[in-house]
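Protein chains in written order, with our numbering: chain A, 53 to 327; chain B, 69 to 245. C-beta: ideal position from N, C-alpha, C; glycine also.
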Amino acid sequence: MKRFFKNAAFKAFAVAAGFLLFGSLLSFGLRGGSSPLNSLVALVFSPLQGVCTWGVNHFRDALKYFESSAALRTELEKAKNEVAALQERVVDYDEQQQKLSLYEEFLEIKRENPKYDFQEASIIAWSSNGSYDTFTLNRGTLAGIKVQNPVLLGYRLAGVVVKADLTSCVVQTVLNPALHVGVYETATLEVGTLSTAEELSREGYCSIQNLQRSTSISAAGLICTSGLGGVFPKNLIIGTVREIRDDEQALSAIAVIEPAIDFSNLRDVFVLRAF
Amino acid sequence: MRFGIRRRLVIRRVAFGVLAVACALLQSIPLLPTPFGICMMPLVPLAVLLAAYEQGQPAVLFSVLGGVCWDVTAPGLSFYGVGLGALAAFCAVLFRYRVNRNALSLTVFAFGGSVFTAVLHWLGSAFSIGFPAAWESLLLQELPSVAYTMLALPILYMILRMILKATARKRGGVRVA
Chain A
53 MKRFFKNAAF
63 KAFAVAAGFL
73 LFGSLLSFGL
83 RGGSSPLNSL
93 VALVFSPLQG
103 VCTWGVNHFR
113 DALKYFESSA
123 ALRTELEKAK
133 NEVAALQERV
143 VDYDEQQQKL
153 SLYEEFLEIK
163 RENPKYDFQE
173 ASIIAWSSNG
183 SYDTFTLNRG
193 TLAGIKVQNP
203 VLLGYRLAGV
213 VVKADLTSCV
223 VQTVLNPALH
233 VGVYETATLE
243 VGTLSTAEEL
253 SREGYCSIQN
263 LQRSTSISAA
273 GLICTSGLGG
283 VFPKNLIIGT
293 VREIRDDEQA
303 LSAIAVIEPA
313 IDFSNLRDVF
323 VLRAF
Chain B
69 MRFGIRRRLV
79 IRRVAFGVLA
89 VACALLQSIP
99 LLPTPFGICM
109 MPLVPLAVLL
119 AAYEQGQPAV
129 LFSVLGGVCW
139 DVTAPGLSFY
149 GVGLGALAAF
159 CAVLFRYRVN
169 RNALSLTVFA
179 FGGSVFTAVL
189 HWLGSAFSIG
199 FPAAWESLLL
209 QELPSVAYTM
219 LALPILYMIL
229 RMILKATARK
239 RGGVRVA
């Protein structure tokens, strides 16, 4: 036993252990995280470790060239499936984002108009003639939708329900020549009736017909619903005046209106069941 | 002549130091295979071999060096430097006064050191995740790592013997370590 404690190896260990333990206590006390000897060794060891890890990773990357094509094919299939799943998630995410911004817009309207009763709906079909004058929604009478309910996108008027089944309804948009809406221009307060000609509808515009030739409505004026007739609430935005032109007989003027809604990108709307 | 002996001694000790650092690197970089998450601890059998084939003080110091390199890569506070130094000192004294250097004694000491290290690892994880959950890691990771570590003993022994042979001095045409 005496020889054990007198041995040079034990003495070397005692010195090294004392030094290491002191360093550990010091690092614990100073909350430095490592002893001075560890820090000194780390100065040389850590860069060496980094170089070796880099070398090993590169060696492994180079070994991939010798992998069998069957293994690579399996990996490719797996990657393709993962990409497809991720793309589906991205599509879902985009859809949810759009719905979220739509709901935020309508929350604002609901706060300002507590009496408004909305029903969210999605467009499932457009008119078969390729124009945007009619579309079908995926909600019907079961959701409380009735004929003549206005259809909105935010504060913008999209159209009105003209036919309602149990689970779907047909909407005429503001581009439809059959739709007539009482409107007014916000700057001049001049009133009129929105009624679109066939040619303008095909071009994607609506119009206010039979205006006086001396009308004070000018381009860039904002057209909103007047609320007259009780079908539509007041101050729903129809669009902006694009130009004022004379009609064919030059007896009155026509205000060509660019709708506020881009119907080509319209997906989700809200039906105003009560106001 | 004396310069030749000294030069061989320096080369031998540098080679042992490099071997200790290399074993610490092998433990910390993703080079050695880790079947089922089991890791090898080559520094433990190396400490035993250094104690058997090198003088006491250098063996302890090289083991401490390897242990300190292990401490650098270990998370949190660790005492591998102290532990490996203790193992090397203990084995050095026993090999000098009591035990013969042979395959059995090397295997027993390496195995004992590996088991001791594995049990300390297990105790550390048991205190952090709780004893019931830690039994699984003892059976599936720590004890299998002991068996995996013992594979390093013959390989390190051969490397050590190569270094000793290469740095042995010739006496009458015969190499003497």
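Beta-carbon separation (whole angstroms), residue i vs residue j, contact threshold 8 Å
| i | j | result |
| --- | --- | --- |
| residue 204 (chain A) | residue 210 (chain A) | 6 Å |
| residue 97 (chain B) | residue 104 (chain A) | 5 Å |
| residue 259 (chain A) | residue 308 (chain A) | 5 Å |
| residue 154 (chain A) | residue 320 (chain A) | 5 Å |
| residue 127 (chain B) | residue 160 (chain B) | 5 Å |
C-alpha distance - residue i paired with residue j, whole-angstrom precision
| i | j | result |
| --- | --- | --- |
| residue 62 (chain A) | residue 133 (chain B) | 16 Å |
| residue 244 (chain A) | residue 177 (chain A) | 31 Å |
| residue 304 (chain A) | residue 152 (chain A) | 44 Å |
| residue 275 (chain A) | residue 290 (chain A) | 6 Å |
| residue 249 (chain A) | residue 129 (chain A) | 55 Å |
| residue 216 (chain A) | residue 229 (chain A) | 20 Å |
| residue 109 (chain A) | residue 146 (chain A) | 37 Å |
| residue 227 (chain B) | residue 56 (chain A) | 29 Å |
| residue 199 (chain B) | residue 135 (chain B) | 27 Å |
| residue 177 (chain B) | residue 154 (chain B) | 12 Å |
| residue 146 (chain B) | residue 157 (chain A) | 58 Å |
| residue 100 (chain B) | residue 111 (chain A) | 13 Å |
| residue 187 (chain A) | residue 222 (chain A) | 6 Å |
| residue 315 (chain A) | residue 298 (chain A) | 27 Å |
| residue 208 (chain B) | residue 112 (chain B) | 20 Å |
| residue 184 (chain B) | residue 192 (chain B) | 12 Å |
| residue 94 (chain B) | residue 78 (chain A) | 29 Å |
| residue 214 (chain A) | residue 257 (chain A) | 20 Å |
| residue 268 (chain A) | residue 206 (chain A) | 28 Å |
| residue 113 (chain A) | residue 317 (chain A) | 46 Å |
| residue 181 (chain B) | residue 175 (chain B) | 10 Å |
| residue 234 (chain A) | residue 148 (chain A) | 35 Å |
| residue 237 (chain A) | residue 296 (chain A) | 13 Å |
| residue 69 (chain B) | residue 83 (chain B) | With a pLDDT of 49 at residue 69 (chain B), under the threshold of 50, the predicted position of this residue should be treated as unreliable, though the coordinate-derived value follows. Rounded to the nearest angstrom, the two C-alpha atoms are 21 Å apart. |
| residue 173 (chain A) | residue 134 (chain A) | 32 Å |
| residue 201 (chain A) | residue 283 (chain A) | 7 Å |
| residue 327 (chain A) | residue 287 (chain A) | 13 Å |
| residue 214 (chain B) | residue 232 (chain B) | 27 Å |
| residue 157 (chain B) | residue 124 (chain B) | 7 Å |
| residue 273 (chain A) | residue 281 (chain A) | 23 Å |
| residue 295 (chain B) | residue 74 (chain B) | Residue 295 (chain B) is absent from the structure shown; chain B starts at 69 and stops at 245. |
| residue 168 (chain A) | residue 325 (chain A) | 8 Å |
Neighbour list for residue i in chain A, Cβ cutoff strictly below 9 Å
| i | result |
| --- | --- |
| residue 165 (chain B) | 55, 56, 59 |
| residue 85 (chain B) | Here the premise fails: no neighbours, minimum Cβ distance about 12 Å. |
| residue 115 (chain B) | Those do not exist, as residue 115 (chain B) stays about 11 Å from chain A at its closest Cβ, beyond 9 Å. |
Partner residues on chain B for residue i, Cβ-Cβ distance less than 7 Å
| i | result |
| --- | --- |
| residue 98 (chain A) | 140 |
| residue 90 (chain A) | 136, 139, 140 |
| residue 94 (chain A) | 140 |
| residue 108 (chain A) | 97, 98, 99 |
| residue 148 (chain A) | Neighbours of residue 148 (chain A) on chain B: none; closest Cβ ~38 Å, over 7 Å. |
Residues that residue i contacts on chain B, provided the C-beta gap is smaller than 8 Å
| i | result |
| --- | --- |
| residue 104 (chain A) | 93, 97, 99 |
Under 8 Å from the C-beta of residue i: neighbouring residues of chain A
| i | result |
| --- | --- |
| residue 278 (chain B) | This structure cannot speak to residue 278 (chain B), because chain B is shown only from 69 to 245. |
Proximal chain B residues relative to residue i, where beta-carbon distance stays under 9 Å
| i | result |
| --- | --- |
| residue 72 (chain A) | 132, 135, 136, 139, 147, 149, 150, 153 |
| residue 101 (chain A) | 92, 93, 96, 97, 137, 140, 141 |
Partners in chain A for residue i, counting only beta-carbon separations shorter than 7 Å
| i | result |
| --- | --- |
| residue 128 (chain B) | 61, 64, 65, 68 |
| residue 124 (chain B) | 59, 60, 61, 64 |
| residue 161 (chain B) | 56, 59, 61, 62 |
| residue 261 (chain B) | Since the displayed chain B opens at 69 and closes at 245, residue 261 (chain B) lies outside it and no answer follows. |
| residue 202 (chain B) | What residue 202 (chain B) touches in chain A: nothing, since even the nearest Cβ is about 24 Å away. |
| residue 194 (chain B) | What residue 194 (chain B) touches in chain A: nothing, since even the nearest Cβ is about 22 Å away. |
Any C-beta of chain E under 8 Å from that of residue i
| i | result |
| --- | --- |
| residue 178 (chain B) | The chain labelled as chain E is not found among the protein chains of the depicted structure, namely A and B. |
Quiz item: Which residues, in chain order, does the region 89-107 of chain B contribute to contact with chain A at a C-beta distance below 8 Å?
Solution: 89, 92, 93, 96, 97, 98, 99
Self-check item: Members of the region 132-144 of chain B near chain A, C-beta cut-off 9 Å
Solution: 132, 133, 135, 136, 137, 139, 140, 141, 144
Self-check item: alpha helix (DSSP H) segments (min. 4 residues) lying fully within the region 99-181 of chain B
Solution: For the region 99-181 of chain B, whole alpha helix (DSSP H) runs of length 4 or above, ordered along the chain, are 111-121, 124-141, 148-165.
Quiz item: Taking Cβ-Cβ distances below 7 Å as the criterion, which residues of the region 114-141 of chain A are in contact with chain B?
Solution: none
Quiz item: Of all the beta strand (DSSP E) runs that stay within the bounds of the region 157-190 of chain A, which reach a length of 3 or more residues?
Solution: 169-178, 186-189
Quiz prompt | beta strand (DSSP E) segments (min. 3 residues) lying fully within the region 193-244 of chain B | solution = 237-239, 242-244
Quiz prompt | the region 299-322 of chain A: positions lying closer than 9 Å to chain B by Cβ | solution = Identification of residues in the region 299-322 of chain A having a C-beta nearer than 9 Å to some C-beta of chain B yields an empty set.
Quiz prompt | 3 or more residues per run - each beta strand (DSSP E) lying fully within the region 195-250 of chain A | solution = 202-205, 208-216, 221-225, 233-237, 243-246
Practice problem: With 9 Å as the C-beta to C-beta threshold (strictly closer), list the residues of the region 220-235 of chain B near chain A in chain order. | Solution: none
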